[in-house]
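Reviewing the structure listed below.
Here is the structure:
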């Protein structure tokens, strides 16, 4: 479609966009990790979904071909909200299969789906007119901030970062922590 200036409108909606954004929020995964996540990556404890184990693509790329065999996988704990989302997306029917969790009937590349997820999130967030520029990658920062508020120094083990300093400098939102502390009431005091 043309507008008055002669430029084209790009259709940003994709059927998988909503669940992709939710997976980003509830896992803290990068777009590539979400797009490549499969049902057989879910591990169980006492017959209940416990965590998702995925390859750490970023660290594997940094180490280079032939040197990434010893890269530890990323572990994503399955929270109540994530479990609810996984059931909604078909966990009961797809359990243990080699199908992708997000958009299993894909006819396009994982890279295209990842780009659509990122651009779609940015596009629809701009429609809210909050005055803030937030991108898909900020979901990871939000997730890690809340995870850090819960498990503190052990966050680096689940986020696969080399140090707590890297987490604090690049991922932990100090403003959110300060805001949370101001509103926190212990035992109604």
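Residue numbers (the working numbering): 27 to 215.
Glycine is no exception: its CB is placed at the ideal position from the N, C-alpha and C atoms.
Through-space distance from residue 133 to residue 168, alpha-carbon basis: 31 angstroms
Classification of residue 128 by the beta-carbon crowding that lies within 10 angstroms, buried from 16 upward: buried
Element boundaries [alpha helix (DSSP H), containing residue 162]: Run containing residue 162: none; DSSP gives neither H nor E here.
Span of the alpha helix (DSSP H), counted from its first residue to its last, around residue 120: 117-120
DSSP state of residue 69 mapped onto helix, strand, coil: strand
Span of the alpha helix (DSSP H) around residue 47: 43-53
Where the beta strand (DSSP E) through residue 36 begins and ends: Run containing residue 36: none; DSSP gives neither H nor E here.
Cβ-Cβ separation, residue 97 to residue 89 (assumed contact under 8 angstroms), whole Å: 6 angstroms
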